[in-house]
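Sequence order for the protein chains is A and B.
Mapping the first sequence onto my numbering, position 95 (from 1) lands on 171, and the numbers just tick up by one.
Mapping the second sequence onto my numbering, position 115 (from 1) lands on 170, and the numbers just tick up by one.
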Amino acid sequence: TQLLEQSPQFLSIQEGENLTVYCNSSSVFSSLQWYRQEPGEGPVLLVTVVTGGEVKKLKRLTFQFGDARKDSSLHITAAQPGDTGLYLCAGVAYSGAGSYQLTFGKGTKLSVIP
Amino acid sequence: DAGVIQSPRHEVTEMGQEVTLRCKPISGHDYLFWYRQTMMRGLELLIYFNNNVPIDDSGMPEDRFSAKMPNASFSTLKIQPSEPRDSAVYFCASSPQKGRVDTEAFFGQGTRLTVV
Numbered sequence: 077t078q079l080l081e082q083s084p085q086f087l088s089i090q091e092g093e094n095l096t097v098y099c100n101s102s103s104v105f106s107s108l109q110w111y112r113q114e115p116g117e118g119p120v121l122l123v124t125v126v127t128g129g130e131v132k133k134l135k136r137l138t139f140q141f142g143d144a145r146k147d148s149s150l151h152i153t154a155a156q157p158g159d160t161g162l163y164l165c166a167g168v169a170y171s172g173a174g175s176y177q178l179t180f181g182k183g184t185k186l187s188v189i190p
Numbered sequence: 056d057a058g059v060i061q062s063p064r065h066e067v068t069e070m071g072q073e074v075t076l077r078c079k080p081i082s083g084h085d086y087l088f089w090y091r092q093t094m095m096r097g098l099e100l101l102i103y104f105n106n107n108v109p110i111d112d113s114g115m116p117e118d119r120f121s122a123k124m125p126n127a128s129f130s131t132l133k134i135q136p137s138e139p140r141d142s143a144v145y146f147c148a149s150s151p152q153k154g155r156v157d158t159e160a161f162f163g164q165g166t167r168l169t170v171v
């Protein structure tokens with residue numbers, strides 16, 4: 077079983093502050109995805125990183141994939157109350173022949189206080 | 056497309072009763088996943104299907120759990136008999152995959168199961 081450890085588990089910050097969430101594993105993944113989940117809803121994909129060292133930006137969100145494709149980080153600049161939610165990282169393991177697994181970390185629950 | 060549709064949204068049942076959760080994936084998606092989410096354990100993969108065939112059911116907790124996918128547009132997750140520790144939110148997700156590592160998994164809104 078491939079495990080993904082996310083930290084911190086909970087994060088409460090003031091509007092306008094910056095934050096970083098980490099996702100670590102001892103396993104190598106085909107790609108890594110970040111999802112955001114709001115109460116009463118299913119997770120929704122934010123981004124997929126595929127290449128080791130890759131950096132992707134989505135407005136105020138910056139995602140990085142580690143060189144060894146085992147870890148990733150999500151950095152939010154100038155957080156806003158609308159960023160509040162559960163952020164989940166997910167490792168994709170694809171080996172062809174029908175084998176395609178999506179393993180999730182436990183998530184980081186972010187609260188941005190106005 | 057209406058997205059992944061799960062039913063019911065909420066289910067409250069007594070211990071020992073049979074529970075059936077239902078999922079309609081997005082048309083054309085090859086893969087269907089069943090997950091369970093709790094505060095303690097997060098989002099756990101229970102089982103997944105490729106083209107209606109179960110590929111990996113190693114996450115199914117025990118024999119009380121079973122899942123079927125009789126056709127490309129319908130899947131069920133059954134718990135018989137149910138126990139209080141089965142209380143959780145159960146999610147179904149589907150993905151077009153198509154041999155790529157960057158495809159998205161689309162989740163339903165989940166079924167919140169409470170076993171009393």
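Backbone N, C-alpha and C fix where the C-beta goes; we use that ideal spot for every residue, glycine too.
Bear in mind that the values here come from a model prediction, so they are computed numbers and not experimental data.
Cβ of residue i less than 8 Å from any chain B Cβ?
i             : result
residue 133/A : no
residue 180/A : yes
residue 158/A : no
Rounding to the nearest angstrom, what Cα-Cα distance links residue i and residue j in this structure?
i             : j             : result
residue 182/A : residue 126/B : 31 Å
residue 135/B : residue 119/B : 5 Å
residue 82/A  : residue 112/A : 14 Å
residue 85/B  : residue 149/B : 7 Å
residue 139/A : residue 131/B : 35 Å
residue 124/B : residue 127/A : 34 Å
residue 84/A  : residue 163/A : 11 Å
residue 90/A  : residue 159/B : 31 Å
residue 129/B : residue 147/B : 11 Å
residue 74/B  : residue 63/B  : 10 Å
Output, in chain order, the set of chain B residues within a Cβ distance shorter than 8 Å of residue i.
i             : result
residue 177/A : 100, 103, 111
residue 183/A : 97, 98
Can you pull the chain A residues whose beta carbon is under 9 Å from the beta carbon of residue i, in chain order?
i             : result
residue 146/B : 118, 119
Using a cut-off of 8 Å between C-beta atoms, extract the partners of residue i located in chain A.
i             : result
residue 159/B : 109, 121, 124
Looking at the strands, I want to know which residues DSSP matches up with residue i.
i             : result
residue 91/A  : Residue 91/A pairs with nothing; no bridge assigned.
residue 167/B : 65/B, 144/B
For residue i, go through chain B and note every residue whose CB falls closer than 7 Å to its CB, in chain order.
i             : result
residue 164/A : 98
residue 106/A : 156
Taking C-beta pairs closer than 9 Å, name the residues in chain B that residue i reaches, listed in chain order.
i             : result
residue 170/A : 152, 154, 155, 156
Check whether the Cβ of residue i lies closer than 8 Å to any Cβ atom in chain A.
i             : result
residue 120/B : no
residue 199/B : Absent from the model: residue 199/B. The displayed extent of chain B is 56 to 171, so no value can be given.
- Task: Closer than 9 Å, Cβ to Cβ, to anything on chain B: give me those residues from the segment 122–148 of chain A, in chain order.
- Result: 124, 125, 126
- Query: Of all the residues that make up the segment 82–93 of chain B, which are near chain A by a beta-carbon distance shorter than 8 Å?
  - Reply: 86, 88, 90
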